Amino acid sequence: MLYTNQTSTLTPSESNLEIGQESVRESFTKDSNSGFASFGLAAPLLANVAALGFTQPTPVQTKVIPAAMHGGDWLASSQTGSGKTAAFLLPLLHKLLASNPAASPVPGRAQPKVLVLCPTRELAQQVAADAINLSRGIKGLRIATVMGGMPYGKQIQAIKGAGLVVATPGRLLDLFNSRAIKLDLVQHLVIDEADRMLDMGFADDLAAIDKCCKQRAQTLMFSATFAPKVMSLASNMTKQAGRIELSHAGEAHANISQRLHWADSVAHKHRLLEHLLSSPDLEQAVVFASTQIESEKIADTLRANGYQASALHGAMPQAVRNRRLDALRKGQTRILVATDVAARGIDVPGISHVINFGLPMKPEDYTHRIGRTGRAGRNGIAVTLAEHRDRVKIRAIERFTQQPMAASVIAGLEPQLKPKGDGSQKPGHRPGAKRGKPKFGGGAARRSFNKF
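Per the numbering used here: the sequence shown = residues 77 to 528.
Have a look at this one:
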């Protein structure tokens, strides 16, 4: 996503702007009403921004663009859908244009100067699409995407002469190790969704890529949170990085209405789901499942009952995933049933509802899920369906988001079992059965991922 009209309820304090130059500090306090022209971006980029219909930068763009333009390493945190992609693309595309033509990538050689790393294929595709839109019509500026699931030959041809490459770590290292791409000219490295990178086990790959482009001048790292594991990664991959914190990942999404429905069983959840999907206010919806198998079963059940639905998960061939995402963007698919991994990078303004049929493995994934709706300045609805045995997970989400999830009921679909604490028999309790302390994510089937 390029930009939204979203406003931030949290502004960075001076203590989070760890830089000494007064000129840069002044740029952080610029009024966003001055527009993109105030950043000193190249005229072709400003023309493309205007052609896309955007006039006012979002809070994250107001803070990150001047910082990235000035130079140095930066660690930034902001909400999903805040416009962070353009926040790092615009200044880096500007630097590519401003660089000496003699130092530009040589046609026929795969030696990018800007490298953007993304945890999933879908996010990589979305970032590359945004880069292409922002650089449209600019001669000599090539953008390429490197990711798993696509033919090696086509990608090797695409990266030749590309100044900016968007990649997933695994496939990038494959091409590097086979000498299909060189990273010795990389000057600017962007690590998008660093927290998700670590969750997906890319720590070793990131360390290897770090060594491949040690000579770079700038590293920009974006993360939903400044968790200890992210700060450890930042200490290894950045030098005296400044911090820009616009919002906590758990901060309330003001334009997204959130509610919770308790269910007695999986069958009850299906009835609730179909009731929600029959709402006349629903334009398009993403239904989140916990596993790949569950996503297929839910989609099959919905189709059997007359709903226009398709599944999306990491085990699918990339060509199939691309077709299903394209159908969603074009409005040909109304309901997408997806897993967390596959849904990263989905940016479709028409998504009016997000429904959590299966609860996320980690509380922080909840905010990424609901961020699929309420985009481009629109309002959205996020609904969570939970059985009473899931109450520990719900509490974990509430602690992370720092806000309660209000329970709602639908006439005729009210839960019959009562949650713990009302003096009645506990849901799912069998006399004599041993009860251990439930853990967040415990008991959920493990997901197998394709190489990203």
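Glycine is no exception: its CB is placed at the ideal position from the N, C-alpha and C atoms.
Predicted, not measured: the structure shown is a model, and the values here were computed from it.
Could you tell me whether the Cβ atoms of residue i and residue j are closer together than 9 Å?
i	j	result
residue 192	residue 205	no
residue 451	residue 427	yes
residue 374	residue 433	yes
residue 188	residue 125	no
residue 313	residue 280	no
residue 429	residue 449	yes
residue 483	residue 415	no
residue 334	residue 472	no
residue 141	residue 173	no
residue 342	residue 445	no
residue 212	residue 237	no
residue 152	residue 162	no
residue 295	residue 264	yes
residue 530	residue 320	Residue 530 lies beyond the residue range present for the chain, which begins at 77 and ends at 528; the question has no answer from this structure.
residue 302	residue 160	no
residue 122	residue 186	no
residue 322	residue 114	no
residue 270	residue 306	yes
residue 378	residue 350	yes
residue 170	residue 220	no
What is the residue span of the beta strand (DSSP E) that residue i lies within?
i	result
residue 335	332–339
residue 297	294–299
residue 219	219–222
residue 192	190–193
residue 321	318–321
residue 415	Element bounds for residue 415: n/a, residue is neither H nor E.
residue 243	240–243
residue 265	264–267
I'd like the span of the alpha helix (DSSP H) that includes residue i, first residue to last.
i	result
residue 364	Here residue 364 belongs to no alpha helix (DSSP H); instead the beta strand (DSSP E) covers 360–364.
residue 422	It is not in any alpha helix (DSSP H) - residue 422 carries neither H nor E in the DSSP assignment.
residue 158	Element bounds for residue 158: n/a, residue is neither H nor E.
residue 474	467–477
residue 404	394–405
residue 305	304–313
residue 209	197–210
residue 371	368–380
residue 288	279–288
Checking the sheet assignment: what are the DSSP bridge partners for residue i?
i	result
residue 58	Only positions 77 to 528 of the chain appear in the structure, and residue 58 is not among them; the question remains open.
residue 460	336 and 432
residue 387	413
residue 483	336
residue 153	299 and 321
residue 235	In DSSP, residue 235 forms no bridge with anything.
residue 427	360
Can you tell me whether residue i is buried or exposed, with buried defined as 16 or more other CB within 10 angstroms of its CB?
i	result
residue 133	buried
residue 411	buried
residue 253	exposed
residue 149	buried
residue 138	buried
residue 442	buried
residue 167	buried
residue 158	buried
residue 529	With the chain represented from 77 up to 528, any question about residue 529 goes unanswered, as that position is not in the structure.
residue 356	exposed
residue 290	exposed
residue 397	buried
residue 230	exposed
residue 390	buried
residue 436	buried
residue 116	exposed
residue 260	exposed
residue 354	exposed
I'd like the list of long-range same chain contacts for residue i, defined as Cβ closer than 7 Å, with 5 residues on each side in sequence excluded.
i	result
residue 99	At residue 99 the pLDDT is 34, less than 50, meaning the model places this residue with poor confidence; the figure from the coordinates comes in the next sentence. So no residue of the chain qualifies.
How about residue i: is its C-beta nearer than 9 Å to some C-beta of chain D?
i	result
residue 451	The displayed structure is made up of one protein chain only, and chain D is not part of it.
In chain order, what residues of the same chain have a beta carbon less than 8 Å from the beta carbon of residue i, not counting five sequence neighbours either side?
i	result
residue 348	337, 339, 461, 486 and 489
residue 244	193, 194, 195, 196, 197, 200, 222, 223, 224 and 528
residue 407	360 and 426
residue 454	331, 425 and 428
residue 147	293 and 294
residue 492	340
Note down, in chain order, each residue of its chain lying with its Cβ closer than 6 Å to the Cβ of residue i, except the 5 sequence neighbours on either side.
i	result
residue 232	256
residue 101	Because the pLDDT of residue 101 is 32, which lies under 50, any placement of that residue in the model is unreliable, and the number read from its coordinates should be weighed accordingly. Hits under 6 Å: none found.
residue 400	386 and 388
residue 439	472, 473 and 476
residue 247	222, 223 and 224
residue 272	195
Closer than 8 Å to a non-hydrogen atom of the ligand MN - does that hold for the CB of residue i?
i	result
residue 260	No copy of the ligand MN appears in this structure; indeed no ligand is present at all.
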